[in-house]
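Working notes, beginning with the structure itself.
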Amino acid sequence: MERTQNKKTLHDTFSTRNLVMMAALVAIQIILARFFSIQTDTLRISFESIPVILAGMWLGPLCGAVVAVVADVLGTIIQGYGAWFPPLVLGPLSVGILSGVSTKYIFRSSLAETRDTWKVVATVAVVGILNSFLFGLIGSTLYSIIMVGNTTPFNVLLWTNLLQRLATKPLTIIVNTVVVTVVNRAVYKPVVSHILSKA
1163 MERTQNKKTL
1173 HDTFSTRNLV
1183 MMAALVAIQI
1193 ILARFFSIQT
1203 DTLRISFESI
1213 PVILAGMWLG
1223 PLCGAVVAVV
1233 ADVLGTIIQG
1243 YGAWFPPLVL
1253 GPLSVGILSG
1263 VSTKYIFRSS
1273 LAETRDTWKV
1283 VATVAVVGIL
1293 NSFLFGLIGS
1303 TLYSIIMVGN
1313 TTPFNVLLWT
1323 NLLQRLATKP
1333 LTIIVNTVVV
1343 TVVNRAVYKP
1353 VVSHILSKA
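Under this note's numbering, read the sequence shown as residues 1163 to 1361, first letter to last.
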């Protein structure tokens, strides 16, 4: 009985409509990350988290995680990097999972109503802070040392990276919060909710 229920849940999660939505969000993420971003050895300015946050909020933490990983792997291939570096996906993965967990299990809401605006803001802000200053910080620092060959000690490079992020990431988080709130309000009720109700 439990196995049948798990299969049904998995089937619903990866229904054709959900897969199409996930593919569209992956494509948007790749465009934002690979063609509309600025990157140095230790710093990345990008709004690539927006589609991953929406995937988590709309489809749940598992789909958010899948969108994050698939977009990261495909983006690496498209960009022509030599190898995919798993620690770099920690940031996007945390974004997809945490935005889905907060929406589905903490707030238990689609966050589409006007009264839910504060919940959207809280979700995006907390996820952005954790991504920028914890998971993404560690992943990008490890990338600089292991892949780029930076010989600076880890703790020194981590602090340098943190200071650089403090200069740009708050603005990124604010922009992400505004965009996700507007897109969620504009798209969820008229489009996404109807797609999900038929899934």
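Idealized CB from N, CA, C, for every residue including glycine. No experiment lies behind these values; they were computed from the predicted model shown.
Cβ shell of residue i (< 6 Å), same chain only, five flanking positions each side left out
i                  : result
proline 1213       : Leu1187, Ile1190, Gln1191
valine 1283        : Thr1339
aspartate 1234     : Val1251, Pro1254
phenylalanine 1247 : Tyr1305, Met1309
cysteine 1267      : The sequence as given places tyrosine at residue 1267; cysteine does not occur at that position. There are no such residues.
Close Cβ partners of residue i (< 7 Å) along its chain, the five nearest in sequence each way excluded
i                  : result
isoleucine 1240    : Ile1192, Arg1196
alanine 1230       : Val1214, Val1251, Pro1254, Leu1255, Val1257, Gly1258
phenylalanine 1269 : Lys1281
valine 1232        : Val1188
Contact under 8 Å by Cβ, residue i with residue j
i                  : j               : result
leucine 1273       : methionine 1219 : yes
proline 1223       : glycine 1253    : no
phenylalanine 1209 : asparagine 1338 : yes
valine 1286        : valine 1342     : yes
leucine 1370       : leucine 1260    : No information on residue 1370 is available, as it lies outside the stretch 1163 to 1361 that the chain covers here.
leucine 1304       : proline 1249    : yes
asparagine 1346    : leucine 1216    : yes
asparagine 1312    : leucine 1320    : no
isoleucine 1207    : threonine 1334  : yes
threonine 1279     : serine 1271     : no
phenylalanine 1316 : isoleucine 1307 : yes
Limits of the unbroken alpha helix (DSSP H) element including residue i
i                  : result
leucine 1194       : 1178-1197
valine 1289        : 1279-1292
tyrosine 1305      : 1298-1308
phenylalanine 1316 : 1316-1349
glycine 1237       : 1223-1241
glycine 1258       : 1252-1263
Candidates the options, of which the one nearest residue i by Cα
i               : options                            : result
alanine 1329    : Phe1247, Ser1294, Glu1275, Leu1194 : Ser1294
alanine 1348    : Thr1276, Ala1233, Ile1207          : Thr1276
aspartate 1174  : Ile1207, Ser1211, Cys1225          : Cys1225
isoleucine 1336 : Ser1211, Leu1194, Gln1326, Trp1246 : Ser1211
alanine 1227    : Phe1176, Val1310, Val1344          : Phe1176
Cut-off 8 Å between Cβ atoms - residues of its own chain near residue i, not counting five sequence neighbours on either side
i               : result
isoleucine 1357 : Arg1179, Met1183
lysine 1371     : This structure cannot settle anything about residue 1371, because the visible part of the chain is limited to 1163 through 1361.
leucine 1194    : Ser1208, Phe1209, Glu1210, Ile1212, Pro1213
**OP:** Indicate whether the contact test is met: 3 or more Cβ pairs, each with one atom in the region 1345-1356 and one in the region 1293-1300, closer than 8 Å.
**Re:** no
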